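Student: Dumping the structure here so I can ask a few things about it.
There are 2 protein chains.
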Amino acid sequence: MSTSKEAYHHGELRPALLAAAEALLVAEGPAGLSLRAVARGAGVSHNAPYRHFASREALLAALAAEGFSRLAAALRAAPGLAGQGRAYLDFAAAHPALYRLMFGAELRAGSHPALKLAAGEAFSVLSGVAADRAGALAAWALVHGIAGLRADGHWPADVVLDSVLTRVT
Amino acid sequence: MSTSKEAYHHGELRPALLAAAEALLVAEGPAGLSLRAVARGAGVSHNAPYRHFASREALLAALAAEGFSRLAAALRAAPGLAGQGRAYLDFAAAHPALYRLMFGAELRAGSHPALKLAAGEAFSVLSGVAADRAGALAAWALVHGIAGLRADGHWPADVVLDSVLTRVT
DNA sequence: ACCTGAACACCGTTCAAGT
DNA sequence: ACCTGAACACCGTTCAAGT
Chain L
1 MSTSKEAYHH
11 GELRPALLAA
21 AEALLVAEGP
31 AGLSLRAVAR
41 GAGVSHNAPY
51 RHFASREALL
61 AALAAEGFSR
71 LAAALRAAPG
81 LAGQGRAYLD
91 FAAAHPALYR
101 LMFGAELRAG
111 SHPALKLAAG
121 EAFSVLSGVA
131 ADRAGALAAW
141 ALVHGIAGLR
151 ADGHWPADVV
161 LDSVLTRVT
Chain P
1 MSTSKEAYHH
11 GELRPALLAA
21 AEALLVAEGP
31 AGLSLRAVAR
41 GAGVSHNAPY
51 RHFASREALL
61 AALAAEGFSR
71 LAAALRAAPG
81 LAGQGRAYLD
91 FAAAHPALYR
101 LMFGAELRAG
111 SHPALKLAAG
121 EAFSVLSGVA
131 ADRAGALAAW
141 ALVHGIAGLR
151 ADGHWPADVV
161 LDSVLTRVT
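This is the structure in structure tokens:
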């Protein structure tokens with residue numbers, strides 16, 4: 001076994017940077033997520049991240065892609081359309097900062113192929129349990145809309161989610 | 001009539017800053033929306049905006065609040081729930097950068113009372129045409145979800161919106 | 001290969017002045 | 001009142017070196 005510090009010289013810096021980035025994102029919000037702060041969090045110089053990410057935005061995109069992979073796994077573990085709807089909302093509620101990064105304005109999915117791929121993977125899991133295409137899109141838009149409104153503090157706390165989820169056919 | 005330059009000395013700087021900020025947001029995205037660039041756009045020193053906004057975030061919040069007011073006006077002009085749904089989606093599609101700022105991760109509505117108020121105003125217009133509270137929330141979440149997915153490029157271009165909008169009761 | 005320190009052009013914010 | 005220029009501590013990114 002090597003110490004974590006030595007590990008950076010053996011290819012472990014990339015995951016260490018992503019972990020530091022997520023910790024920063026949770027602790028200080030997206031504004032605190034500077035590349036230099038991420039490097040400090042991982043214990044390396046402000047310049048070391050460029051060995052693994054082409055830019056700050058590329059690191060953010062990688063973190064968001066990781067979020068989509070985790071969301072896809074959570075959806076796969078949930079049974080049925082209603083179950084996946086609840087799993088989707090649970091994920092967004094459990095990781096609000098990450099969820100906002102995944103869909104936020106600072107990342108254009110169009111310009112990050114790996115991100116778009118990871119997102120498509122999560123959505124295909126949702127589609128797999130819907131009756132038809134319009135139904136899958138409606139369900140996805142509904143849970144995504146609820147998750148977004150909740151994350152922004154626009155969603156009344158006393159609403160029973162199931163009473164809303166069942167309004168979509 | 002005074003020239004626009006002189007007008008800054010007579011209380012017109014605030015709207016001029018908001019207009020410059022929106023132009024920058026549209027032209028360069030949220031990353032290009034620096035306070036110093038906004039000041040340059042309005043033709044004043046990098047420091048002048050602090051006479052009207054406490055911080056960069058306060059200026060962003062004011063711009064987002066203006067967006068909610070415009071959205072509310074667009075909703076008021078549309079007849080019925082389906083009409084308002086379409087008006088909501090039209091607004092998001094016509095002003096994608098502004099829409100993303102309104103709901104984006106860089107602004108927490110909770111910490112900007114005026115922003116939360118403006119958002120609540122827009123939502124109350126939507127609620128006014130729904131049959132009940134769960135239906136209003138479902139409709140709002142659905143159009144908001146569709147708007148967000150479209151803005152992020154996750155929405156298939158060939159989907160007929162009405163076929164999805166009618167899935168919500 | 002992987003990491004570092006110095007450097008560049010920026011940024012938000014503060015402050016002491018100017019009119 | 002409203003605006004300015006200098007200053008501070010940051011930031012993303014690049015570059016020339018070090019091992």
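Taken in sequence, the protein lines are chains L and P.
With our numbering applied, the first sequence has no gaps in its numbers, which climb one by one up to 169 at the end.
With our numbering applied, the second sequence has no gaps in its numbers, which climb one by one up to 169 at the end.
Glycine residues also receive a C-beta, built at the ideal position from the N, C-alpha and C atoms.
None of these values were measured; they are calculated from a predicted model.
(1) DSSP state of L/P79, grouped into three classes?
(2) Is the beta carbon of L/V160 sitting closer than 8 Å to the one on P/L137?
(3) Whose CA, out of L/I146, L/A27, L/G135, L/A48, lies closest to the CA of L/E12?
(4) Cβ of L/G148 within 8 Å of Cβ of P/G145?
(5) Just to confirm before moving on: does the CB-CB distance between L/V143 and L/G80 stay below 8 Å?
(6) For the segment 33 to 113 of chain P, which segments carrying the alpha helix (DSSP H) assignment without a break, of at least 4 residues, lie completely within its bounds, in sequence order?
(7) Look at the Cβ atom of L/E66, then the Cβ atom of L/L17, and state whether they are nearer than 8 Å.
(8) So with CB distances below 8 Å, who are the chain P contacts of L/P30?
(9) Could you say which of L/E106, L/A37, L/A61 lies nearest to L/L112 if we only look at CA atoms?
(10) Return no unless some Cβ of chain L is closer than 8 Å to the Cβ of P/R167.
(11) List the residues of chain P that L/R100 touches, going by C-beta distances under 7 Å, in chain order.
(12) Do you know offhand how far L/G85's Cα is from P/A21's?
(13) So, with DSSP's three-state summary, where would you put P/P15?
(14) According to DSSP, is L/D158 helix, strand or coil?
(15) If I follow the unbroken alpha helix (DSSP H) through L/G145, where does it start and stop?
(16) To the nearest angstrom, report how far apart L/E121 and L/G83 are at their CA atoms.
(17) Do you know whose CA, among L/L117, L/L24, L/G135, L/L71, lies nearest L/L89's CA?
(18) To the nearest angstrom, how far is the alpha carbon of L/F91 from that of L/L98?
(19) Are the CB atoms of L/G41 and L/L24 nearer to each other than 8 Å?
(20) Report the three-state DSSP secondary structure of P/G29 (helix, strand or coil).
(21) Note down, in chain order, each residue of its chain lying with its Cβ closer than 6 Å to the Cβ of L/R100, except the 5 sequence neighbours on either side.
(22) To the nearest angstrom, report how far apart P/L115 and L/G29 are at their CA atoms.
(23) Would you mind sorting L/H46 into buried or exposed? The rule is 16 or more other CB atoms within 10 Å of its CB.
(24) So, is P/L35 buried or exposed, given that buried needs 16 or more other C-beta atoms within 10 angstroms?
(25) With distances taken between CB atoms, is the gap from P/G104 to L/G32 smaller than 8 Å?
(26) State the CB to CB distance for the pair P/S69 and P/A118, rounded to an integer number of angstroms; the pair is presumed to be in contact (CB under 8 Å).
(27) Give me the Cβ distance between P/H154 and L/F123, rounded to the nearest whole Å; I'm assuming they're in contact under 8 Å.
(28) Assign L/V125 to one of three DSSP states: helix, strand, or coil.
(29) In this structure, does DSSP put P/S163 in helix, strand or coil?
(30) Can you pull the chain L neighbours of P/S163, defined as C-beta to C-beta under 7 Å?
(31) Got a sec: is the Cβ-Cβ distance from L/H52 to anything in chain P below 8 Å?
(32) Is the CB of P/F123 under 8 Å away from at least one CB in chain L?
(33) Please look up how many angstroms separate the CB atoms of L/A78 and L/A87, rounded, as I've assumed it's under 8 Å.
(34) Find the residues of chain L that neighbour P/H144, judging by a C-beta separation of less than 7 Å, and give them in chain order.
(35) Output needed for P/R133: all residues of its chain with C-beta closer than 8 Å, excluding positions within five of it in sequence on either side, in chain order.
Tutor: For this structure:
(1) coil
(2) no
(3) L/A48
(4) yes
(5) no
(6) 35 to 42, 56 to 76, 80 to 94, 96 to 103
(7) no
(8) A105, E106
(9) Checking the displayed sequence, the identity of residue 112 of chain L turns out to be His instead of Leu. The shortest C-alpha separation from L/H112 is found at L/A61.
(10) yes
(11) A105
(12) 37 Å
(13) helix
(14) coil
(15) 133 to 151
(16) 18 Å
(17) L/L71
(18) 10 Å
(19) yes
(20) coil
(21) A151
(22) 19 Å
(23) exposed
(24) buried
(25) no
(26) 5 Å
(27) 7 Å
(28) helix
(29) helix
(30) A134
(31) no
(32) yes
(33) 4 Å
(34) G145, G148, L149
(35) S127
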